[in-house]
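Everything on this sheet refers to the single structure shown next.
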């Protein structure tokens, strides 16, 4: 018996489905993460293309779109807490660099909201939950990077805050294929619905 069969037998991986109103969140598709030459970067062109299709779909449906970035404003990175002890590359997200800027390939429209965060989850230390509640949202369509880091943390926190997380397989990426695959498996098993791009675009 493989892992998929074992988890299914134990009742994992059920489908939550879409609720009444969705929002799209584009997590950290910023220069510091989408430029593979940078310390925190990876090649994410396919994920950006998939995300742009979802942005267009959200606009047609009248659904809100949120972008997130990680940015540190203190010169000594004190607003990153102890995280720099684990990742020296966080210095590339300082506010005096372009690392925290959204990737220019993204189709951000006027009115799309930007959430500035300091840590992995888009909910931690931000007002994202309040904004979603105010907009009447109960479902969060999740794209961006990295699958094993900020995407996973955001999806788990979405569930814990009462929102249905829908992770779009082709629209999330990671520096490590192994970490990406394992994270998608675990999210589908316990915390989110992992859907294909076509499944999300074809929803009612």
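Numbering (the working numbering), first residue to last: 2 to 205. Using N, Cα and C, we set each Cβ at its ideal position, and we do this for glycine too. These figures come from a predicted structure and were not determined experimentally.
Using beta-carbon positions only, say whether residue i and residue j come within less than 8 Å of one another.
{"i": "residue 146", "j": "residue 43", "result": "yes"}
{"i": "residue 30", "j": "residue 93", "result": "no"}
{"i": "residue 28", "j": "residue 152", "result": "yes"}
{"i": "residue 143", "j": "residue 169", "result": "yes"}
{"i": "residue 33", "j": "residue 101", "result": "yes"}
{"i": "residue 194", "j": "residue 18", "result": "yes"}
{"i": "residue 138", "j": "residue 23", "result": "yes"}
{"i": "residue 71", "j": "residue 119", "result": "yes"}
{"i": "residue 53", "j": "residue 107", "result": "yes"}
{"i": "residue 128", "j": "residue 49", "result": "no"}
{"i": "residue 7", "j": "residue 14", "result": "no"}
{"i": "residue 148", "j": "residue 115", "result": "no"}
Identify whether residue i lies in helix, strand or coil by the three-state DSSP scheme.
{"i": "residue 144", "result": "strand"}
{"i": "residue 24", "result": "strand"}
{"i": "residue 44", "result": "coil"}
{"i": "residue 83", "result": "coil"}
{"i": "residue 112", "result": "coil"}
{"i": "residue 70", "result": "strand"}
{"i": "residue 171", "result": "strand"}
{"i": "residue 50", "result": "helix"}
{"i": "residue 119", "result": "coil"}
{"i": "residue 195", "result": "strand"}
For residue i, which residues of its own chain have a beta-carbon under 7 Å away from its beta-carbon, when the five flanking residues on both sides are left out?
{"i": "residue 59", "result": "25 and 66"}
{"i": "residue 154", "result": "121 and 122"}
How would you label residue i, buried or exposed, when you count the other beta carbons within 10 angstroms and need 16 or more for buried?
{"i": "residue 189", "result": "buried"}
{"i": "residue 196", "result": "buried"}
{"i": "residue 165", "result": "buried"}
{"i": "residue 5", "result": "exposed"}
{"i": "residue 68", "result": "buried"}
Might you give, ordered along the chain, the residues of its own chain that have their beta carbon closer than 6 Å to the beta carbon of residue i, omitting 5 neighbours on each side?
{"i": "residue 202", "result": "58"}
{"i": "residue 79", "result": "none"}
Can you check whether the C-beta of residue i is within less than 8 Å of a C-beta belonging to chain D?
{"i": "residue 11", "result": "This model lacks chain D altogether; it includes just one protein chain."}
Contact the region 171–180 vs the region 80–95: 3+ CB pairs below 8 Å: Result no; under three Cβ-Cβ pairs closer than 8 Å.
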